[in-house]
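Each step along the sequence shown adds one to the number in our numbering, with nothing skipped, and position 4 is 509.
Glycine included, each C-beta is placed from N, C-alpha and C at the ideal position.
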Amino acid sequence: ILALPLLLGLGAAFLSCGGETPNLTPATASARAAPHVVLVSIDALKPEYFLDETRGAKIPNLRALMKEGEYGALESVWPTVTYPSHTTMVTGVNPSRHGILANAPLDPLYTNQGGWNWYAEAITAPTLWQAARANHETVGAVYWPVTVGAAIDFNFPQVWRAKNAEDDKLMRALTTPPGLADDVEKKYGVLPSEARDDSSRGNAADVILRMHAPNLMLVYYSDLDTIQHETGPFSTEAYATLEKIDVQVGRLRSAVQAAGIASTTTFIVVSDHGFANVDHVVKPGVALAKAGLIDVEPNGHVRDWKVAVLGAGGTCGVYLKDPNDANVKAQTRAVLDALANDPANGVARIDDEAIVAKVEGFKGASFILEAAPGFYFGGGLGDDVVSASGERGMHGYPPDHPDMHASIIAAGAAVSGRGNIGLVRTIDLAPTIANILGFTMPGAE
Numbered sequence: 506i507l508a509l510p511l512l513l514g515l516g517a518a519f520l521s522c523g524g525e526t527p528n529l530t531p532a533t534a535s536a537r538a539a540p541h542v543v544l545v546s547i548d549a550l551k552p553e554y555f556l557d558e559t560r561g562a563k564i565p566n567l568r569a570l571m572k573e574g575e576y577g578a579l580e581s582v583w584p585t586v587t588y589p590s591h592t593t594m595v596t597g598v599n600p601s602r603h604g605i606l607a608n609a610p611l612d613p614l615y616t617n618q619g620g621w622n623w624y625a626e627a628i629t630a631p632t633l634w635q636a637a638r639a640n641h642e643t644v645g646a647v648y649w650p651v652t653v654g655a656a657i658d659f660n661f662p663q664v665w666r667a668k669n670a671e672d673d674k675l676m677r678a679l680t681t682p683p684g685l686a687d688d689v690e691k692k693y694g695v696l697p698s699e700a701r702d703d704s705s706r707g708n709a710a711d712v713i714l715r716m717h718a719p720n721l722m723l724v725y726y727s728d729l730d731t732i733q734h735e736t737g738p739f740s741t742e743a744y745a746t747l748e749k750i751d752v753q754v755g756r757l758r759s760a761v762q763a764a765g766i767a768s769t770t771t772f773i774v775v776s777d778h779g780f781a782n783v784d785h786v787v788k789p790g791v792a793l794a795k796a797g798l799i800d801v802e803p804n805g806h807v808r809d810w811k812v813a814v815l816g817a818g819g820t821c822g823v824y825l826k827d828p829n830d831a832n833v834k835a836q837t838r839a840v841l842d843a844l845a846n847d848p849a850n851g852v853a854r855i856d857d858e859a860i861v862a863k864v865e866g867f868k869g870a871s872f873i874l875e876a877a878p879g880f881y882f883g884g885g886l887g888d889d890v891v892s893a894s895g896e897r898g899m900h901g902y903p904p905d906h907p908d909m910h911a912s913i914i915a916a917g918a919a920v921s922g923r924g925n926i927g928l929v930r931t932i933d934l935a936p937t938i939a940n941i942l943g944f945t946m947p948g949a950e
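Here's what the structure looks like:
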């Protein structure tokens, strides 16, 4: 469990952020006296953004939380990508246990049509929201990954289809409870969606916190990740985006103040992974298709496959349709060795099943490929094996890679304010939050 010592007696009150204090009935006053946690994920927030003040990030709300509490770096999971990491945050177990091994499922024939691991029923370990509700506590979530269909009291799940205003219909259908989407649209006019920026996520979180003050609130902001893929880490655009997200953090603090729960709330701001600069993309599937291990139609669709690749940025899993087929395995290894033997292909390492068994993600893979600096893995089957990248930044590399360190900032009622706490682990978040809220996560690793 993370070292966030519980204070005896009065908690550390937050700075007033404005907003009116509601008139509380005895029942709501009692509920607001219970512990609360607001877990905020800023996708791809590298710790250097706030640890290195010479970089000049204008993030007053995050710096206020740092001054009041604790902060440091967070060791992610492997692969260091969004969905496995966020599911570890709310289960306290590694991807091999919770079942979310990558952002998207292995889908060689494209039968899922590009769908991601959106659905909570795919999680194979107990979650914080299940444990909280079993302890008669309420839960809210805004755009948290892998929450479609989750048993969450107030939930706007992350999901998309068209990535335009048409997705509002999907969000209205999936938001719980019925009427919550109406409350947000009535106040702000728009719903959170993949077609809108993080302020739309902030709108929904503001309504949930002010109206319902759940004991556990999960909020996810994605824009920093998006812009760093486009422009690289520490770009001018990335700083501008982070500064906008900092405004959203301030809105959360104001909402907590207005809800009357500031003195009982612990804020934990985290990220899921870091970021590295890239300039080339490697497509192992192209080489495997040329070797006859993937049968590709002229239109690029896969007709059949003996081997499939599940990419996760800086690493990828290589899966055999029949893992016991020694001949196909030997052919696959020969193709991969040929790639790795030429440094221009950007394959730094091939991990076989002995290593795969020790890695949290890529369960069932026969091989894992690790990319060299400046390279990442793509899933395409056409064109060249290696080409110039349209992206300037990437993640997914092993979690001990220094550029992959994520972030943590914690302040509030359960935090003693010890400054820099160094490197801690994503896997410890769930049992720590459970401890603050007064229950346990018995299955946590």
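Assumed close pair residue i, residue j - CB separation to whole angstroms, cut-off 8 Å
i              : j              : result
isoleucine 766 : isoleucine 913 : Isoleucine 766 to isoleucine 913, Cβ: 22 Å. No contact.
leucine 934    : valine 775     : 7 Å
glutamine 753  : serine 704     : 7 Å
glycine 654    : tyrosine 624   : 6 Å
glutamate 575  : alanine 915    : 5 Å
proline 903    : leucine 844    : Their Cβ separation, rounded to whole angstroms, is 19 Å, which puts proline 903 and leucine 844 out of contact at 8 Å.
histidine 541  : threonine 769  : 5 Å
proline 584    : threonine 820  : 5 Å
asparagine 566 : glycine 869    : In fact, because the Cβ distance is near 42 Å, the residues do not count as touching under 8 Å.
isoleucine 564 : leucine 747    : 6 Å
Residue i in three-state terms, based on DSSP
i              : result
isoleucine 773 : strand
leucine 841    : helix
glycine 680    : Reading off the sequence shown, one finds threonine at residue 680, where the question assumed glycine. In the structure shown, threonine 680 sits in coil (DSSP, three-state: anything other than H, G, I, E or B).
aspartate 784  : strand
valine 498     : No answer is possible for residue 498: the residues shown for the chain start at 506 and end at 950.
leucine 955    : The displayed coordinates of the chain run from 506 to 950. Any statement about residue 955 would go beyond what the structure contains.
alanine 667    : coil
threonine 937  : helix
methionine 946 : coil
alanine 532    : For alanine 532, the pLDDT reaches just 46, beneath the cut-off of 50, and the residue's location in the model is therefore unreliable, although a value from the coordinates is still provided. Alanine 532: helix per DSSP, three-state reduction.
tyrosine 554   : helix
leucine 520    : The predicted position of leucine 520 is uncertain, since its pLDDT is 32 and thus under 50; no value can be drawn from it.
alanine 893    : strand
leucine 886    : coil
alanine 700    : coil
proline 527    : Residue placement at proline 527 is poorly supported in this model, since its pLDDT is 41, which falls under 50; the coordinates still yield a value, given next. Proline 527 falls in the coil class under three-state DSSP.
arginine 673   : It is worth fixing the name first, because residue 673 is aspartate in this sequence and not arginine. Aspartate 673: helix per DSSP, three-state reduction.
aspartate 905  : coil
alanine 835    : helix
alanine 656    : coil
Continuous beta strand (DSSP E) stretch holding residue i: start and end
i                 : result
tryptophan 924    : As written in the sequence, residue 924 is glycine, which differs from the tryptophan given in the question. 924-930 is the extent of the beta strand (DSSP E) around glycine 924.
aspartate 751     : Element bounds for aspartate 751: not the beta strand (DSSP E) but the alpha helix (DSSP H), 741-763.
phenylalanine 661 : 659-661
serine 546        : 541-547
aspartate 703     : Aspartate 703 -> not in any beta strand (DSSP E); alpha helix (DSSP H) instead, spanning 703-717.
tyrosine 824      : 820-825
glycine 917       : 911-917
alanine 560       : Before going further, note that residue 560 is arginine rather than alanine in the sequence given. From DSSP, arginine 560 is part of no beta strand (DSSP E); its letter is neither H nor E.
valine 807        : 807-810
alanine 849       : Careful: alanine 849 lies outside any beta strand (DSSP E) and carries neither H nor E.
valine 801        : 799-801
Beta-carbon proximity check, residue i vs residue j, cutoff 8 Å
i              : j                 : result
alanine 578    : proline 610       : no
valine 787     : valine 852        : yes
valine 647     : alanine 637       : no
serine 581     : threonine 931     : yes
glycine 879    : aspartate 728     : no
alanine 656    : aspartate 711     : no
methionine 716 : aspartate 688     : yes
valine 823     : valine 833        : no
isoleucine 605 : proline 589       : yes
arginine 560   : threonine 736     : no
alanine 678    : alanine 700       : no
valine 543     : glycine 901       : no
isoleucine 732 : glutamate 742     : yes
proline 697    : phenylalanine 659 : no
aspartate 548  : tyrosine 725      : yes
methionine 676 : alanine 667       : no
leucine 874    : isoleucine 855    : yes
asparagine 850 : valine 890        : yes
aspartate 888  : valine 791        : yes
Chain D within 8 Å of residue i, Cβ atoms only
i          : result
lysine 572 : Chain labels in this structure do not include chain D; a single protein chain is all it has.
First and last residue of the uninterrupted alpha helix (DSSP H) at residue i
i              : result
glycine 577    : Element bounds for glycine 577: not the alpha helix (DSSP H) but the beta strand (DSSP E), 575-580.
aspartate 688  : 685-693
glutamate 875  : From DSSP, glutamate 875 is part of no alpha helix (DSSP H) but of the beta strand (DSSP E) over 872-876.
leucine 550    : Where leucine 550 is concerned, there is no enclosing alpha helix (DSSP H), given that its DSSP letter is neither H nor E.
isoleucine 732 : 728-736
valine 791     : 789-795
Runs of alpha helix (DSSP H) wholly within the stretch 572-644 (minimum 4 residues, chain order)
Listed in chain order, the alpha helix (DSSP H) runs fully inside the stretch 572-644 are 587-594, 600-603 and 633-639, counting runs of at least 4 residues.
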